[in-house]
Amino acid sequence: MTTKKIKPVDATMGVVTDRPELDALLAEWQPRMKLGDWDIVAKYVPWLESRGRATIYLKSKCALIEIHEPASWPANAFPTPTERVFLHEMGHVQLARFDIAADDPRNVHEEQIVEAYAFALYAAKHAPRA
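Mapped onto my numbering, the consecutive letters of the sequence shown carry residue numbers 35 to 164.
Shown next, in the form of structure tokens:
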């Protein structure tokens, strides 16, 4: 079986191509989250309806994480650190093997778990040291 590679950048879709921050987050968190056997690409996009989205191909262990470009957030949006949004989407990749459909009532629980998990990981990394 061959794995289809996800194109990290598609200029025709308005993708922001300068993504060293996301590449660094992938390098840091993918092994920590035990997703080293996955082919994951992260990119900024200016047109998402939410802060982030994970498109997951479970059988081929490929995922595309799209992060709403912070510069294009609405002026009244509560700022969320990019790393926390990234961790939230990586949490979805980890839970993908449970195969919970978007219209499944359990999806609410997945969102709650992923959000709490992302918050805890982010807080543990960035908490002031005594």
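Think of the CB as a built atom: it goes at the ideal place given N, C-alpha and C, for glycine as much as any other residue.
Next on the checklist: If you follow the beta strand (DSSP E) that LEU98 is in, where does it begin and where does it stop?
Outcome noted: 96–102
Next on the checklist: Taking only three categories from DSSP, how would you classify THR114?
Outcome noted: coil
Checklist entry - Around the Cβ of GLY125, are there at least 16 other Cβ atoms within 10 angstroms (buried) or fewer (exposed)? => result buried
Checklist entry - Nearest-angstrom Cα distance between ILE134 and ALA88? => result 14 Å
Item to check | Assigned secondary structure, ILE134 (DSSP; H/G/I helix, E/B strand, else coil) | outcome: coil
Checklist entry - Among the residues of its own chain, which have a CB less than 7 Å from the CB of PRO139, if the five just before and after it don't count? => result none
Item to check | Minimum C-alpha distance to ILE99 - residue among THR116, PRO65 and LYS93 | outcome: THR116
Next on the checklist: So if DSSP puts LYS77 in a beta bridge, which residue, or which two residues, is it bridged to?
Outcome noted: GLU100
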